[in-house]
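J.: Sequence order for the protein chains is A and B. Position in the first sequence counted from 1, then plus 43, gives you the working numbering. Position in the second sequence counted from 1, then plus 43, gives you the working numbering. Note that CB positions come from ideal geometry on N, CA and C, so glycine has one too.
2 protein chains.
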Amino acid sequence: MKIAVDAMGGDFAPDAIVEGVMMAAAELPENVAIVLIGKQSVIQELTQKHGIHTVANIELVHADDVIEMDEHPTKALSQKPNSSIGVGFKLLKEGQVQAFCSAGNTGAMHVGALFSIKAIHGVLRPCIAGLVPQLAGGYAVMLDIGANADCKPEVLAQFGEIGSVYAQYTFGISQPRVALMNIGTEDQKGSLVAQAAHQLLKEVYKINFIGNIEGGDLFTGVADVIVTDGFTGNTMFKLGESFYSVAKQRGLSDEFLDKTNYESIGGSPILGVNGNVIIAHGISSPLAIKNMIGLAIRQVESDAYTKIAQALA
Amino acid sequence: MKIAVDAMGGDFAPDAIVEGVMMAAAELPENVAIVLIGKQSVIQELTQKHGIHTVANIELVHADDVIEMDEHPTKALSQKPNSSIGVGFKLLKEGQVQAFCSAGNTGAMHVGALFSIKAIHGVLRPCIAGLVPQLAGGYAVMLDIGANADCKPEVLAQFGEIGSVYAQYTFGISQPRVALMNIGTEDQKGSLVAQAAHQLLKEVYKINFIGNIEGGDLFTGVADVIVTDGFTGNTMFKLGESFYSVAKQRGLSDEFLDKTNYESIGGSPILGVNGNVIIAHGISSPLAIKNMIGLAIRQVESDAYTKIAQALA
Chain A
44 MKIAVDAMGG
54 DFAPDAIVEG
64 VMMAAAELPE
74 NVAIVLIGKQ
84 SVIQELTQKH
94 GIHTVANIEL
104 VHADDVIEMD
114 EHPTKALSQK
124 PNSSIGVGFK
134 LLKEGQVQAF
144 CSAGNTGAMH
154 VGALFSIKAI
164 HGVLRPCIAG
174 LVPQLAGGYA
184 VMLDIGANAD
194 CKPEVLAQFG
204 EIGSVYAQYT
214 FGISQPRVAL
224 MNIGTEDQKG
234 SLVAQAAHQL
244 LKEVYKINFI
254 GNIEGGDLFT
264 GVADVIVTDG
274 FTGNTMFKLG
284 ESFYSVAKQR
294 GLSDEFLDKT
304 NYESIGGSPI
314 LGVNGNVIIA
324 HGISSPLAIK
334 NMIGLAIRQV
344 ESDAYTKIAQ
354 ALA
Chain B
44 MKIAVDAMGG
54 DFAPDAIVEG
64 VMMAAAELPE
74 NVAIVLIGKQ
84 SVIQELTQKH
94 GIHTVANIEL
104 VHADDVIEMD
114 EHPTKALSQK
124 PNSSIGVGFK
134 LLKEGQVQAF
144 CSAGNTGAMH
154 VGALFSIKAI
164 HGVLRPCIAG
174 LVPQLAGGYA
184 VMLDIGANAD
194 CKPEVLAQFG
204 EIGSVYAQYT
214 FGISQPRVAL
224 MNIGTEDQKG
234 SLVAQAAHQL
244 LKEVYKINFI
254 GNIEGGDLFT
264 GVADVIVTDG
274 FTGNTMFKLG
284 ESFYSVAKQR
294 GLSDEFLDKT
304 NYESIGGSPI
314 LGVNGNVIIA
324 HGISSPLAIK
334 NMIGLAIRQV
344 ESDAYTKIAQ
354 ALA
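1) Is the separation between the beta-carbon of A:Lys167 and that of A:Gly276 shorter than 8 Å?
2) Going by CA-CA distance only, name the one from A:Ser285, A:Asn304 and A:Gln353 that's closest to A:Asn317.
3) Run through the region 192-274 of chain B for me and flag every whole alpha helix (DSSP H) of 4 or more residues, listed as ranges in chain order.
4) Output needed for B:Ala74: all residues of its chain with C-beta closer than 7 Å, excluding positions within five of it in sequence on either side, in chain order.
5) How many angstroms separate the CA atom of A:Glu284 from the CA atom of B:Met224?
6) Is A:Ile269 closer than 8 Å to B:Gly189 when the C-beta atoms are compared?
7) Between the beta-carbon of B:Ile46 and the beta-carbon of B:Gly53, is there less than 8 Å?
8) Is A:His96 helix, strand or coil by DSSP?
9) Using a C-beta to C-beta distance shorter than 8 Å, which residues of chain A count as neighbours of B:Met224?
10) For A:Ala222, I'd like the list of residues in its chain whose CB is within less than 6 Å of its CB, leaving aside the five on either flank, ordered along the chain.
11) What's the C-alpha gap between B:Gln238 and B:Thr271?
12) Mapping DSSP to helix, strand and coil, what is A:Asp58?
13) Does A:Leu71 have its Cβ less than 8 Å from a Cβ in chain B?
14) By DSSP, does B:His324 sit in helix, in strand, or in coil?
15) Any C-beta of chain B within less than 8 Å: which residues of the region 237-254 of chain A qualify?
16) Could you tell me whether the Cβ atoms of A:Asn334 and A:Glu306 are closer together than 8 Å?
17) Determine, using beta carbons only, whether B:Glu111 comes closer than 8 Å to chain A.
18) Check whether chain B comes within 8 Å of A:Gln14, counting only Cβ atoms and requiring the distance to be less than that.
19) Any C-beta of chain A within less than 8 Å: which residues of the region 174-201 of chain B qualify?
20) Pick from A:Met279, A:Gln292 and A:Lys245: whose alpha carbon is nearest that of B:Leu178?
21) With distances taken from CA atoms, which of A:Val343, A:Val78, A:Val48 and A:Leu71 is nearest A:Thr213?
22) At the 8 Å Cβ level, is A:Thr275 part of the contact set with chain B, yes or no?
23) For A:Ala192, which residues from the same chain have a beta carbon less than 6 Å from its beta carbon, with the 5 sequence-adjacent residues on both sides left out?
24) Could you work out which residues of chain A lie near B:Gly233, taking near to mean beta carbons separated by less than 8 Å?
25) Of all Cβ atoms in chain B, is any one closer than 8 Å to the Cβ of A:Arg168?
26) Taking C-beta pairs closer than 7 Å, name the residues in chain B that A:Glu114 reaches, listed in chain order.
27) Using a C-beta to C-beta distance shorter than 8 Å, which residues of chain B count as neighbours of A:Glu306?
28) For A:Pro329 and A:Ser296, I'd like the C-alpha separation in whole angstroms.
29) Count the other CB atoms within 10 Å of the CB of B:Leu71; is the residue buried (16 or more) or exposed (fewer)?
30) Any idea what DSSP makes of B:Met51, helix, strand or coil?
31) Excluding sequence positions up to five away, which residues of its chain have a Cβ less than 8 Å from the Cβ of B:His153?
32) Does the Cβ of A:Leu235 have 16 or more other Cβ atoms within 10 Å, making it buried, or fewer, making it exposed?
33) Report yes or no: is there a C-beta of chain A within less than 8 Å of the C-beta of B:Asp107?
34) Just confirm the distance between the C-beta atoms of B:Ser159 and B:Lys118, as a whole number of angstroms; I'd bet it's less than 8 Å.
35) Could you tell me how far apart the beta carbons of A:Ile128 and A:Gly147 are, in whole angstroms, since I believe they sit closer than 8 Å?
36) Measure the C-alpha to C-alpha separation of A:Glu308 and B:Met51 and round it to an integer number of angstroms.
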């Protein structure tokens, strides 16, 4: 198994990325290698400093170009096919790696996935899934947390299916409880889209739809899959992540609150595409990168995207 | 000054309401009285038990009927004009009380306000404002947190004006910083509505619009007024409130997290109507009721709704 990592993406790249890769490499399973993609002239000093050439489970792949954080995703990808992001998707599409991870330009990662490995046949809108720690242990999958700010009801209903398969195979949850994030428990509550999505979710026989949940239920273990549009999902996910920093500012230390720290998960998968793609916060620290790689390995092992494709066939 | 309180509304009414009123009465300023509205036969035992007749600053007003939590707001109000909610609004409209508070049927409170004291001339959509504690002290006003699940851009822009006036007069903040809750800092980010609202907010010369903020900024003191649609606002506000219960479940005790406890604010004002109306969570405890009354007094003193009417004239 090979996990490709973009050395150039992120606010603290390449240093933070390379450090995170070194941390991950120290604990990798035997059959796993990391493919670090970056501009040779930029990362050479770092790779030498860390002695990467001596590490058996890290390979280096050169990429000429870099897509900056503020570049327009589609333009950047067509103009810079030899960027670390472009090269990463090329390797993924060709099957030379089994996952591609980056803390770089999120839009470019999303568009890049759509262009290279493409959306799974039948998927209306690929999305980004956020993993939310639950008080009693484990995680819930919230989707979408940012790829699609506006969603039609049928797109939300499909997120329920996609999230359910992901939770089943990546977290081993049988019959994952699927809930719709809403502003009241009654069926008729919510925005027009939420009301319509609620009705559609009720009709998806393949999932265990438990109805609406509210904002206060994010961490309480009432659902395994939380369906929402990308706008609501993003604002809530970021508020949830801030719990850790609020606690830290208050001088509080707690195992559960540590899990709300973005670093502890490391990344968010793009679901609904024909491959394993994980994106991470621009501010990713070495620890976040290390954990993102761990998530990628888990996802490759679960073969979630193949299962999602089968479920939607 | 007279503050009317609905004795019958809420999951733990009338007991919790009456207790909260007693707590408030013990600390009321000299010129303030509470008008407790409820069905005589139901609250008689309680009022006797608490010796309300002996408390100088509490008056009792009888109301024949009760609007239940699950009743359809508009139907209930027209069929039950002598409900505690109906009577409360009657007293408010007639100027016999200066504020009306209830932990009862939120929809009925909202519709009741629209029917009786009516929307301020020029207000597109009255809304519910949530008070969000800030790490460095004080509060931010978030609106809308639930009255309008779907909002047009111009409605959001107007929330910015309304919230700004409220923050200025109720919290004494000069030139309140108004931000739009969004999924990225750049102007073009967000849902279609958020993008359009962003442009409109830029053009409202009367406010100090500081641009977009993200979910992680809810508590960090970057804004005094947070504009959002009722769906996003409700989910975020409830998630924010849950910080207190999550911390409690983890055995953590902290002054700031205590402030995220819904009980500590007690209520949320309906803004954009010609009077002071505060609604509280159905689960309101006596402490929440007491604090809701405190908020009502503050709001009456600030005369916020008159200032809002002037600003929009």
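T.: Taking the coordinates as given:
1) Correcting the residue type first, residue 167 of chain A is Leu in the shown sequence and not Lys. Contact flag unset, no.
2) Selected option, being the one with the closest Cα: A:Gln353.
3) Entirely contained in the region 192-274 of chain B, the alpha helix (DSSP H) runs reaching 4 residues are, in chain order, 196-214 and 235-246.
4) The question names Ala, yet the displayed sequence has Asn at residue 74 of chain B. Met44, listed in sequence order.
5) Rounded to the nearest angstrom, the two C-alpha atoms are 16 Å apart.
6) Contact: no.
7) In this structure, B:Ile46 sits away from B:Gly53, with a CB-CB distance that is not shorter than 8 Å.
8) Helix, per DSSP.
9) Residues of chain A with a Cβ closer than 8 Å to the Cβ of B:Met224 are, in chain order, Thr278.
10) Setting aside the 5 residues that flank it on each side, A:Ala222 is surrounded in the same chain by Ile253, Ile256, Ala266 and Ile269, each with a C-beta closer than 6 Å to its C-beta; the list follows chain order.
11) Rounded to whole angstroms, B:Gln238 to B:Thr271 spans 12 Å at the Cα level.
12) Residue state for A:Asp58 is assigned as helix, using DSSP reduced to three classes.
13) With 8 Å as the cut-off, A:Leu71 does not count as an interface residue toward chain B.
14) The three-state reading of DSSP puts B:His324 in coil, since its state is none of H, G, I, E or B.
15) Here the close residues are Ala237.
16) Result yes, Cβ atoms of A:Asn334 and A:Glu306 sit closer than 8 Å.
17) It does not; no Cβ of chain A falls within 8 Å.
18) For chain A, the structure presents residues 44 to 356; residue 14 of chain A sits outside this window and is missing.
19) Contact residues of the region 174-201 of chain B toward chain A are Leu178, Gly189, Ala192 and Asp193 (C-beta to C-beta distance below 8 Å).
20) Restricting attention to A:Met279, A:Gln292 and A:Lys245, the CA atom closest to the CA of B:Leu178 is found in A:Gln292.
21) For A:Thr213, the nearest C-alpha among the options comes from A:Val343.
22) Taking Cβ atoms only, chain B reaches closer than 8 Å to A:Thr275, which makes this a yes.
23) In the same chain as A:Ala192, and ignoring 5 residues on each side of it, the C-beta atoms closer than 6 Å to its own belong to Gly273 and Phe274, in chain order.
24) The CB of B:Gly233 comes closer than 8 Å to the CB of Ala192 and Phe274 in chain A, given here in chain order.
25) Chain B contact via Cβ: absent.
26) Identification of chain B residues near A:Glu114 by a Cβ-Cβ cut-off of 7 Å yields none; the smallest Cβ-Cβ distance measures about 12 Å.
27) What A:Glu306 touches in chain B: nothing, since even the nearest Cβ is about 14 Å away.
28) One C-alpha to the other measures close to 21 Å.
29) Buried, since its Cβ has 16 or more Cβ neighbours within 10 Å.
30) Assignment of B:Met51 by DSSP, reduced to helix, strand and coil, places it in the coil class.
31) Non-local C-beta neighbours of B:His153 in its own chain, meaning closer than 8 Å and more than five positions away in sequence, comprise Pro116, Pro169, Ile171, Ala190, Ile313 and Ile322, ordered along the chain.
32) Result: exposed.
33) It does not: the Cβ of B:Asp107 has no partner Cβ on chain A nearer than 8 Å.
34) Your pair B:Ser159 and B:Lys118 does not check out as a contact, with CB atoms roughly 16 Å apart and the cut at 8 Å.
35) Rounded, the Cβ-Cβ distance is 6 Å, consistent with contact.
36) The amino acid at residue 308 of chain A is misidentified as Glu; the sequence shows Ile. Counting only the Cα atoms, B:Met51 lies some 46 Å from A:Ile308.
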